[in-house]
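For the record, the sequence lines run as chains A and B. Heads up: the first sequence runs through residues 1 to 332, numbered per full-length UniProt numbering. Heads up: the second sequence runs through residues 1 to 332, numbered per full-length UniProt numbering.
2 protein chains.
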Amino acid sequence: MKRASIKDIARLAEVSVATVSYVLNQKEGSRISEATRKRILEVAQNINYTPNKIAKSLKMRKSKLIGLIVADISNDFYSNIARSIEDEAMKLGYTLLIGSCDENPEKFKRLTELFSEQQVDGMIIAPVVDSDEAINKLIREEYPIVTIDRYLKNIDLPGVMINNSEISEQICDYLLKKNFTELIYVGYDTELPHLLDRENGFEKRIEKSDVKVKRILTGIHNITEEVHHQLKANLDLSKKTAIYFSSNKLGIAGLRYLIDNEIKVPADVSLVAFDETEAYYLFPSEVSFVQQPLAEMARESVKLLDNQINNYNPKGERMILQAKFMERNSVE
Amino acid sequence: MKRASIKDIARLAEVSVATVSYVLNQKEGSRISEATRKRILEVAQNINYTPNKIAKSLKMRKSKLIGLIVADISNDFYSNIARSIEDEAMKLGYTLLIGSCDENPEKFKRLTELFSEQQVDGMIIAPVVDSDEAINKLIREEYPIVTIDRYLKNIDLPGVMINNSEISEQICDYLLKKNFTELIYVGYDTELPHLLDRENGFEKRIEKSDVKVKRILTGIHNITEEVHHQLKANLDLSKKTAIYFSSNKLGIAGLRYLIDNEIKVPADVSLVAFDETEAYYLFPSEVSFVQQPLAEMARESVKLLDNQINNYNPKGERMILQAKFMERNSVE
DNA sequence: CTGAAAGCGCTTACAG
DNA sequence: CTGAAAGCGCTTACAG
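Following this line, the structure appears as C-alpha cells:
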C-alpha cells in the first residue's frame with residue numbers, strides 16, 4: 001500500500017511541491033497558470049492521489065478532529081446524539097472520534113488522554129461521577145471542551161443541556177392535576193447535577209400539595225433488578241398511582257416490570273417516562289414521555305465547540321434547550 | 001493551548017531529542033543511564049508532556065487508526081457491534097473511527113475517502129448496495145479491509161459473517177415441526193447476499209413440505225409502513241400462522257403492528273424474530289429470536305484486520321460464526 | 001551511553 | 001507565475 005504524495009505529483013508534472021500544494025488547495029492570490037494547474041490536477045488524478053491529512057495536521061497544528069466522550073454509548077440517547085454530532089461535525093469539516101466511558105471515571109480519563117494524544121482540536125464531553133480531575137487537567141491546558149447533556153457542579157464550562165428541573169415540574173403539575181393519591185419518582189441515587197435537577201424539580205411541586213410521593217432511587221448498574229425489586233416493594237395498586245421514570249433506562253426497566261406482572265397501563269397504574277426510545281412503542285399501551293431535542297443539542301454543542309476552538313474562552317456560553325412533553329396515553 | 005514537545009524536554013533535561021525519544025519509548029538495547037532516564041521522565045512529568053501521535057504516525061507511516069463503516073448506526077445491531085469493536089481495537093492499540101453510511105453508497109464512498117485521508121491503517125466495512133466501486137478502489141490500493149456482517153457477491157474479501165442460510169433453515173424446520181398451515185417470511189426486497197441467504201435458507205426447507213408460505217418483502221426505507229400494510233393484506237388469523245422476521249427492524253415493525261391490532265402472541269399468531277434488542281423485552285409476550293454472536297464477530301473482525309495490516313493478503317480468511325436460536329415463548 | 005542528522009508529507013512566507 | 005527552504009514533532013540508523 002504505497003501511496004502517492006505531493007512529491008510524486010511534482011516530479012511527474014515537473015513542478016515544485018510548493019506549486020502542487022498551491023493548486024491542490026485552490027489558494028487564490030497565488031496565481032498558477034491554467035496550463036500547469038491542469039497538468040497537476042491531471043497527474044494527481046492519474047496516480048490516484050489522496051492527501052495525507054496527518055502531514056497536513058502536523059504542519060497546520062490543527063487536526064480537524066474532535067472527540068466525543070459519552071457516558072454510555074449503548075444507551076439510545078447517547079448513540080442517537082453521537083450520530084447527530086457526527087453529521088454536524090462533518091458539516092464543519094471535522095472528523096469525529098467517539099468514545100464511551102461506561103460511567104467509569106478511569107475510562108473517562110483514558111479517553112481524554114487518548115484524544116489528546118490524537119491531537120483532537122477539542123472535545124465534547126458528558127462528564128461522569130469523579131471525572132472532575134481529568135476535566136480540570138484539560139482546563140489547565142486550555143483544551144477547548146464543551147459539555148453535553150450533563151454539567152459539573154463546581155466547574156463552569158460552556159455546554160448544552162436541557163431544562164431538567166422545569167420539565168420535571170411540568171410533569172409533576174400535570175400529574176397533580178389528575179388527582180393521583182400516590183406519586184412515585186424513579187431516579188438514580190447519584191450526585192450528577194442534571195439528575196438531581198430532575199428530582200428536585202419534581203419534588204418542589206409536590207411540597208405544595210399533600211399528595212404522597214415515594215422515591216425509588218437505584219444505582220447505575222443493575223438497574224433492571226433494582227427497579228423491579230423496589231417497584232414490587234412500593235407499588236400499591238389499591239391506590240390511584242402515577243410513576244415518573246426519569247430516564248430511558250429506568251423507563252424500560254419499569255415497563256418490563258409492569259409487563260412481567262401483567263399490570264395494565266393506564267388502567268392499573270399511570271406513568272410518564274423520560275427520553276424517546278423504540279422500545280416504548282412495543283409496549284402494549286402508548287407511553288407518554290419527555291422528549292429531548294437531540295438534533296438541536298448536537299448542533300449547538302458542535303457550534304459551541306467550534307467557537308471555542310477558534311476563539312478560546314473559558315467562560316463560554318451555557319445553553320439550555322427546552323425538552324418537550326409528548327402526551328400519549330399512559331396517564332388517566 | 002501550547003503543548004510541550006520532545007524538544008522542550010530535551011532542552012530542560014539538557015540532552016538531545018534522540019535521547020528523550022529513546023527513554024520515552026523504553027527501547028531496550030539502547031541503554032540510557034539511569035540518571036538521565038530519571039531526569040528526562042521527571043521533566044516530562046513536570047511540563048505535562050503528551051506525545052503527539054500525529055507526528056509519530058507521520059514518521060512511522062502507521063496511524064494506529066482503524067475505520068469502521070456500518071450500514072446504519074441507529075440500528076442496535078450495528079451500534080452494539082461498533083462498541084465491541086472499539087473495545088477490541090483498543091486492546092490491540094488501535095483507535096476506532098466510526099462512520100455510518102445509512103445504506104447510501106455515496107456516503108459510503110465519502111467515508112472511505114475520509115478514512116483514507118485520515119490515514120487509517122485499515123477498515124472494517126459492512127458493504128451496502130452499490131458500494132462495489134468504492135470497495136474495488138480500496139482493493140486496487142491494497143488497502144487492508146475486512147467485511148463484517150455482510151459480504152459481497154463478486155468480490156472475495158476477508159471477513160466475518162454468520163451462517164445466515166443455515167440458521168434460517170433451522171428456524172424453518174422448527175416451525176414446520178409445529179404444524180402451521182401458513183408461514184410468512186418477512187424480509188427485504190434487496191440484492192444483499194446475506195439477506196438473500198436468510199430468505200433462501202428458509203424457503204429451501206419449505207419446498208420439501210406442502211405448507212404454504214407467503215413472502216413479505218419491504219424496501220429499506222419506510223419499513224414500518226410497508227410491514228404494516230403488507231401484514232394487513234397477508235395475515236389471515238383464521239389459519240394457524242407463524243411469521244419469521246429476518247431482521248430486528250422488521251421484527252420491531254411487525255411487533256408494533258401486532259400491538260396496534262391487539263393480536264396476541266402466540267395465541268393468535270406465532271413468530272420468530274432476528275437479532276436481540278431491548279425492545280423485544282417490552283413486548284407483552286416473550287419473543288423468540290435469533291441471536292448473533294456480536295462480541296465474537298467484533299473480536300474476529302479486528303483480529304482479521306490486524307492480520308491484514310501486518311501481513312496483507314487479498315485472499316484472506318472468511319470466517320463464518322454460528323448464530324443461536326433463543327427459544328422463548330412466541331411460538332405454540 | 002549519547003547526539004547529529006535525515007526524513008515522514010505537508011504548508012507558506014519569501015524571493016525572484 | 002514558480003521554486004527553494006524551513007519547519008510541524010517525532011523516530012532511528014549511524015557514528016562516536
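For every residue, glycine included, the Cβ atom is placed at its ideal position computed from N, Cα and C.
Check: Given a cut-off of 7 Å, decide if A/N248 and A/T277 are closer than it, judged by their beta-carbon atoms.; Outcome: yes
Check: Let me know if B/Q308 comes out buried or exposed under the rule of 16 or more other beta-carbons within 10 Å of its beta-carbon.; Outcome: buried
Check: Put A/A10 into one of helix, strand or coil per three-state DSSP.; Outcome: helix
Check: Note down, in chain order, all residues in the stretch 115 to 148 of chain B with a beta-carbon under 7 Å from any beta-carbon belonging to chain A.; Outcome: S116, E117, Q118, Q119, E141, E142 and Y143
Check: Which whole-angstrom value is the C-beta distance of B/K153 and B/A134, which I expect to be below 8 Å?; Outcome: With a Cβ gap of about 15 Å, B/K153 and B/A134 do not count as contacting.
Check: Report back the beta-carbon spacing between B/F289 and B/M319 to the nearest angstrom; my notes put them in contact at under 8 Å.; Outcome: With 8 Å as the limit, B/F289 and B/M319 do not qualify as a contact, their Cβ atoms being about 23 Å apart.
Check: Taking 7 Å as the CB-CB cut-off, is A/K264 touching chain B?; Outcome: no
Check: From the DSSP output, read off the bridge partner residues of B/K324.; Outcome: B/Q291
Check: Which residues share a DSSP beta bridge with A/K214?; Outcome: A/I184
Check: Please list, in chain order, the chain B residues whose beta carbon lies closer than 7 Å to that of A/E278.; Outcome: I252 and A279
Check: Give the DSSP-derived three-state secondary structure of A/A18 in the structure shown.; Outcome: helix
Check: Is A/S79 close to chain B? Criterion is C-beta to C-beta, closer than 7 Å.; Outcome: yes
Check: Just the Cα atoms here: how many angstroms apart are B/Y281 and B/Q292?; Outcome: 17 Å
Check: Provide the residue span of the beta strand (DSSP E) that contains A/G122, from first to last.; Outcome: G122 to I125
Check: Just to confirm, does A/L24 get its C-beta within under 6 Å of one of the non-hydrogen atoms of the ligand HEM?; Outcome: This structure does not include the ligand HEM; it has no bound ligands of any sort.
Check: Out of curiosity, what's the CA-to-CA distance linking B/R215 and A/F77?; Outcome: 34 Å
Check: Looking at B/L321 and B/E286, is the spacing between their C-beta atoms short of 7 Å?; Outcome: no
Check: If you draw a straight line from the C-alpha of A/T181 to the C-alpha of B/N234, how long is it?; Outcome: 46 Å
Check: Counting only beta-carbon atoms, is A/A55 nearer than 7 Å to chain B?; Outcome: yes
Check: Any chance you could list the alpha helix (DSSP H) runs of at least 4 consecutive residues sitting entirely within the stretch 190 to 256 of chain A, in chain order?; Outcome: 193 to 207 and 223 to 234
Check: Excluding the 5 residues flanking B/I206 on each side, which residues of the same chain have their C-beta closer than 8 Å to its C-beta?; Outcome: C172, L176, L183 and V213
Check: Would you call B/S238 buried or exposed, if buried means 16 or more other Cβ atoms sit within 10 Å of its Cβ?; Outcome: exposed
Check: With 7 Å set as the bound, which would you pick, yes or no: does the beta-carbon of A/R256 sit closer than that to a beta-carbon of chain B?; Outcome: yes
Check: On the criterion of 16 or more Cβ atoms from any shown chain inside 10 Å, does A/N164 qualify as buried, or is it exposed?; Outcome: buried
Check: Span of the alpha helix (DSSP H) holding B/L58?; Outcome: K53 to M60
Check: Using alpha carbons as the reference points, say which of B/G159, B/S16, B/L114 and B/Q26 lies closest to B/E317.; Outcome: B/G159
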